[in-house]
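Residue numbers (our numbering): 1 to 511.
Even glycine gets a Cβ: it sits at the ideal position worked out from N, Cα and C.
Computed from a predicted model, the values in this text were never measured in an experiment.
Comments concern the structure below.
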Amino acid sequence: MMTRRSFVSSFLTSSAALAAAPQTPSDQPPNVILIYADDVGFGDLSCYGAYNVKTPNLDRLARAGIRFTDAHSSAATCTPSRYSLLTGEYSFRMSKAKVLPGDAPLLIEPGRQTLASIFQQKGYRTAAIGKWHLGLGNGKIDWNAEIKPGPLELGFDECFLIPATGDRVPCVYVENHKVAGLDPADPITVSYEAPVDDRGLTGKANPDKLKMHPSHGHDMTIVNGVSRIGYMKGGKSALWVDEDMADTITNRAAAFIDRSVRGQQPFFLYFATHDIHVPRLPHPRFNRASGMGPRGNAIAQLDWCVGEIMAALRKHGIDRNTMVMFSSDNGPVVDDGYKDDAVEKLYNHKPAGPYRGGKYSSFEAGTRVPLIVRWPARIKGGAVSNALIGQTDFLRSFGELLNVKTDVKTSPDSANVLPALLGDSKVGRAHLVEQAGGLTLRSGKWKYIEPTKGPKKNVPTNTELGNDPEPQLYDLATDPGERKNMATAMPGKLQEMQQVLKRIRDGEFVP
Ligand code: NG6
Ligand code: CA
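Below is the structure:
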């Protein structure tokens with residue numbers, strides 16, 4: 001194992017730019033923590049204008065770092081966004097990158113360069129803790145045997161996973177290659193087709209057994225009083241308790257930080273929270289944390305997790321030279337399938353801030369999400385940046401930081417936005433693709449939504465999807481809410497953007 005000291009010297013000699021610089025703390029490779037939240041919208045944190053819920057730890061992060069106002073997940077749902085984040089490839093190039101069931105095979109080829117593998121290559125200890133949702137295994141998963149390939153085959157040294165989502169079976173954690181806490185005498189069976197147990201309770205047949213009721217879907221196997229998507233039986237000793245999930249994964253994250261520090265190894269932690277995805281069952285100590293019921297309380301719980309991570313860093317005296325990033329995998333949704341009072345208790349809170357749409361939508365709120373970057377040893381705090389940034393760009397940007405050559409074949413869409421992430425530049429990308437029903441293109445202040453046949457509205461979630469058989473063109477500088485379609489008035493601009501999108505779709509790198 002490489003010690004911290006030998007790592008630093010090899011880092012400096014392999015990085016000409018840094019080797020020439022004076023030995024200040026910022027020349028040491030930082031530890032990196034990416035806190036990747038689920039379904040947190042642009043307007044859901046108090047530092048982004050949230051009402052009725054306070055996020056003091058995230059606000060502190062923003063005050064000590066840079067708060068980005070035009071950062072994007074690659075897609076308006078989870079799996080494709082996470083695919084792009086880890087691979088540096090736009091998810092629309094990978095047709096299987098759709099919201100996956102809990103028993104899907106691994107979406108990313110083992111051995112492929114990933115955001116984690118570039119850190120591993122530089123001697124970092126790497127971990128994925130929390131939500132995965134990128135599939136596991138090669139074919140049909142046997143949850144009672146070795147579960148691989150997975151994160152360990154993609155550049156992570158260790159993992160502790162929610163395999164898919166909190167609302168999908170199996171409701172167990174996967175630690176490295178095994179279900180954590182499984183009793184071999186009580187094996188797990190999972191199916192997304194049909195019930196696996198005649199005596200098993202489902203939300204549909206046994207609503208009286210539920211502590212939280214579905215509003216749409218989510219009426220299959222009941223675990224912990226909540227019916228889920230999919231059927232499972234067995235694995236009783238391994239089943240998670242939703243209310244303890246944030247504590248469980250946060251403790252795991254803190255233990256990973258402790259272990260890395262003890263081993264004198266720099267680390268990269270991908271900490272993917274379940275909050276604030278459904279089912280929203282934060283620990284009861286957050287029951288009064290917001291005025292908005294479970295959705296607001298889950299935001300408060302998320303903020304608590306951030307505070308715990310920061311406390312773990314301070315405990316070891318490494319918070320100055322740890323780069324902590326916070327972002328979300330897609331925009332906000334209020335009712336995403338459970339009757340949790342989210343709609344009733346929204347009051348004047350605007351999860352999407354000034355933007356239109358939300359999770360699932362081609363309108364801006366689908367992918368425009370909070371992004372905060374804090375690294376006191378290198379980044380001047382208190383800044384707000386409107387640089388256009390995609391999470392797809394993290395791979396190449398960290399490649400630059402670490403002096404690792406990224407593979408343009410496997411990460412064809414990742415741009416180097418490191419200067420913007422470090423606050424050295426106010427400029428990010430010129431063009432960025434966003435994916436929901438169809439594709440959209442951002443070019444500076446302009447937003448083009450390609451014609452799509454899909455429905456205008458996702459009725460159960462009450463989301464405007466942005467689908468329209470006609471092309472849409474918006475000037476976000478004067479019309480952030482995407483109300484005034486300029487496609488007919490600006491045919492030249494429209495055509496220019498259609499051509500750029502075509503080039504990108506055909507495989508060209510257009511940052
Ligand atoms: C949808 C689910 C929704 C959520 C989403 C994935 C229904 C009716 N809705 O299909 O609740 O699980 O998938 O969310 O089943 S994501 O953030 O992981 O993309
Ligand atoms: Ca999500």
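query: C-alpha distance - isoleucine 188 paired with glutamate 464, whole-angstrom precision; result: 39 angstroms
query: Identity of the residue in Ala272, Gln265, Asp413 nearest proline 29 by Cα; result: Gln265
query: Leucine 422 versus threonine 202: straight-line alpha-carbon distance, rounded; result: 50 angstroms
query: Boundaries of the alpha helix (DSSP H) in which valine 500 is found, first to last residue; result: 491 to 505
query: Shell residues, 5 angstroms Cβ cut-off relative to heavy atoms of ligand 2; result: Asp38, Asp39, Cys78, Asp329, Asn330
query: Three-state secondary structure assigned by DSSP to arginine 374; result: strand
query: Where serine 385 falls, given that 16 or more other Cβ within 10 Å makes a residue buried; result: buried
query: For glycine 390 and glycine 438, the rounded distance between their alpha carbons; result: 17 angstroms
query: Counted within 10 angstroms of its Cβ, other Cβ atoms place arginine 565 as buried (16 or more) or exposed; result: Only positions 1 to 511 of the chain appear in this structure, which leaves residue 565 out of reach.
query: Residues that glutamate 146 bridges to, as DSSP identifies them; result: In the DSSP output, where bridge partners are listed per residue, glutamate 146 has none listed.
query: Check: histidine 216 C-beta below 7 angstroms from any heavy atom of ligand 1; result: yes
query: Length-filtered (3 minimum) beta strand (DSSP E) runs lying within the stretch 258 to 288; result: 267 to 272
query: Residue burial classification, valine 40 (beta-carbon count within 10 angstroms, cutoff 16); result: buried
query: Where alanine 20 sits in the DSSP three-state scheme; result: At alanine 20 the pLDDT is 31, less than 50, meaning the model places this residue with poor confidence and gives no usable figure here.
query: Other residues of its chain near glycine 135: CB distance less than 7 angstroms, five sequence neighbours each side excluded; result: Leu100, Ala104, Pro105, Leu106, Leu107
query: Lysine 209, DSSP secondary structure in three states; result: helix
query: Where the alpha helix (DSSP H) containing arginine 60 begins and where it ends; result: 56 to 63
query: Counted within 10 angstroms of its Cβ, other Cβ atoms place glycine 331 as buried (16 or more) or exposed; result: buried
query: Cutoff 7 angstroms; reference aspartate 407; Cβ partners in own chain excluding five residues on either side; result: Gln113
query: Contact under 8 angstroms by Cβ, isoleucine 379 with arginine 67; result: no
query: Alanine 116 to proline 56 span [Cα, whole Å]; result: 29 angstroms
query: Backbone CA spacing between valine 223 and alanine 238 [nearest angstrom]; result: 11 angstroms
query: Beta-carbon proximity check, glutamate 400 vs histidine 72, cutoff 8 angstroms; result: no
query: Closest residue to alanine 76 among Lys493, Arg295, Val333, Ser290 (Cα-Cα distance); result: Val333
query: Which listed residue (Asp167, Gly123, Ala50) has its alpha carbon closest to that of tyrosine 338; result: Asp167
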